[in-house]
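Trainee:
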Amino acid sequence: MLLDLSGKKILVTGIANNRSIAWGIAQQLKAAGAELGITYLPDEKGRFEAKVKELTSPLNPSLFLPLNVQNSSQIEEVFETIKNQWGQLDGLVHCLAFAGKEELVGNYSATTSEGFSRALEISAYSLAPLCKYAKPLFSKGAGVVTLTYLGAERAIPNYNVMGVAKAALEASVRYLSEELGPENQVRVNAISAGPIRTLASSAIGGILDMIHNVEEKAPLRRTVTQIEVGNTAAFLLSDLSSGISGQTVYVDAGYCINGM
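Quick note on this note's numbering: the sequence shown kicks off at 80 and runs consecutively.
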């Protein structure tokens, strides 16, 4: 059986530019035949909308929607549009994370209450309401994929509050897997990607050191690409992974196996 997403309707969140991991995922989903819906973060001047629309136009998405996960009514509107225009949802890709730059350097104990709440709300909690509104629309065997990182289980310099957020996200994957699985065989999984230079990762103090460390120590002696993460996401959203749920799949050139 070859990987085939033909006829599947998949919503992809979190594309910011052509270096986004979400962009790599969207490209591979389209290559496998999926029909895409794309969301963008709305801003007052419409800069993100224009940038993401231009970038994703070659993928010919049938839905292009504003989504700020801190706005509950906007979440509802996204899934109401999916209900009206698609009728069902075969896949949901959650690539949403944010922490203030000041929270991603220095000591974790310096994290502010506001910074902690914001990071956890956007990076971890947001998966829950997306799944809540998607739940009645999910087709049998639908899939949910989110992005995590090794900092969820090991202390990574400067990753700080984002590591805590990713740990909460991985726990959410397990609870949502248990919730969504029984009725319609909906599967929820996370991809733990190696460090990649993206707009989001550029805020992390020492990100280049993290990447060079992977290149020196990973079994494959390199870091990974957005396309490689996209390939794994396509697999997890396809029927080929029908027996996999509640898991964290590592796409990091093997770095996570190292003891030193």
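Yeah, the Cβ is synthetic: ideal placement off N, Cα and C, and Gly gets one too.
Going along the chain, which residues of its own chain have a beta-carbon closer than 7 Å to the beta-carbon of L299, five neighbours each way excluded?
Mentor: A332 and G333, listed in sequence order.
Trainee: Report all residues from its chain with a CB closer than 8 Å to the CB of K151; omit the five preceding and five following residues, and keep chain order.
Mentor: As written in the sequence, residue 151 is Ser, which differs from the Lys given in the question. Correct list, in chain order: P208.
Trainee: By the three-class DSSP mapping on this structure, what secondary structure does D83 have?
Mentor: D83: coil per DSSP, three-state reduction.
Trainee: Answer yes if the region 241-260 comes into contact with the region 119-128, meaning at least three C-beta pairs across the two stretches below 8 Å, and no otherwise.
Mentor: No contact exists between the region 119-128 and the region 241-260.
Trainee: Pull up the distance between the alpha-carbon of V184 and that of A176, whole angstroms please.
Mentor: Approximately 16 Å, taken between the alpha carbons.
Trainee: Where K109 and A189 are concerned, what is the direct C-alpha to C-alpha distance, given to the nearest angstrom?
Mentor: Taking the straight line from one Cα to the other gives about 42 Å.
Trainee: Contact between the region 285-298 and the region 257-271: three or more CB pairs below 8 Å?
Mentor: These segments do not touch.
Trainee: May I ask which residues mark the beginning and end of the alpha helix (DSSP H) holding R197?
Mentor: Segment S192 to L199, the alpha helix (DSSP H) holding R197.
Trainee: If you reduce the DSSP assignment to three classes, tell me which class K88 lands in.
Mentor: K88: strand per DSSP, three-state reduction.
Trainee: Among the residues of its own chain, which have a CB less than 6 Å from the CB of F195, if the five just before and after it don't count?
Mentor: Contacts found: V240.
Trainee: Could you work out which residue in Y238, S202 and V157 is closest to E182 when comparing CA atoms only?
Mentor: Considering only alpha carbons, the answer is Y238.
Trainee: Look up L146 in the DSSP assignment and say whether it is helix, strand or coil.
Mentor: Coil, per DSSP.
Trainee: Check this for me: beta carbons of D122 and S317, under 8 Å apart or not?
Mentor: For D122 and S317, no; Cβs fall outside 8 Å.
Trainee: Tell me the DSSP secondary structure of Y254 in three-state form.
Mentor: DSSP places Y254 in helix when its eight states are reduced to three.
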